[in-house]
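Here is the structure we will look at.
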Amino acid sequence: MKTFKKNMKPNGSLLKNTNDHHAPLKVLESLNHPLIPKLISYDNESYECEFIKGENLFDYIQRTRNVEWGITLVKTVNEFLYSLLDLKNIDSKPQLFADDISGVNIMVTKEGRPYIVDLDQFGFFETQAVFNIFKETNIRLYDAILLSLLNGTVNKQNIRIKNLENKILGLM
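Every position in the sequence shown, counted from 1, becomes a number in this note's numbering once 22 is added.
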């Protein structure tokens with residue numbers, strides 16, 4: 023298995039809201055979830071995980087023009103984020119969540135499988151912060167889909183873009 027080593031951001035989510043900045047990585051390591059690269063090791067400064075070969079969501083949609091699949095990938099990521107929440111204790115303890123998911127932090131393999139690749143964006147957040155982050159994440163991801171479409175061809179008809187915006191808003 024090919025691996026990738028990344029230095030953790032000094033002000034990244036892993037260092038926020040907990041005395042043990044390894045706590046989010048410990049949880050991610052135990053998840054072994056198909057949307058997260060396998061975590062190999064970590065220390066105080068970096069982590070090593072499975073290398074994911076692909077392109078980011080923004081580039082994928084721009085290249086393939088497959089907006090429907092892009093929306094499906096975004097829904098898959100949203101469902102994963104939602105599944106992380108401990109709904110029974112949502113108001114009483116900080117929740118594991120990712121605070122910087124955007125079109126560039128989701129890699130899509132050639133098979134069309136999405137991965138969240140920036141693991142040091144995960145941290146523990148209070149309930150209100152989680153809801154705000156979730157809303158911002160959705161806006162960023164759906165913006166990435168729209169921008170991908172618009173960036174590739176300038177002569178898209180306004181009606182088609184408006185229909186897509188309405189479809190996207192209906193998913194939020």
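Each residue gets a CB set at the ideal place from its N, CA and C atoms; glycine is no exception.
Residue burial annotation: ASP142 is buried, with at least 16 other C-beta atoms found within 10 angstroms of its C-beta.
Within 10 angstroms of the beta-carbon of VAL49 lie fewer than 16 other beta-carbons, which makes it exposed. Distance between PRO136 and PRO116, taken at the CA atoms: about 26 Å. For ILE128, there is no enclosing alpha helix (DSSP H); the residue is part of the beta strand (DSSP E) that begins and ends at 128 to 130. By the CB criterion at 8 Å, PHE73 and THR131 fall outside the cutoff.
Residue nearest to CYS71 within the set ASN78, ILE83 and LEU47 is LEU47 (criterion: CA-CA distance).
For SER114, the three-state secondary structure derived from DSSP is coil.
For MET23 and PRO56, the gap between their C-alpha atoms comes out near 15 Å.
Scanning the region 54 to 79 for uninterrupted beta strand (DSSP E) segments of 3 residues or longer gives 61 to 64 and 68 to 72, listed from N- to C-terminal end.
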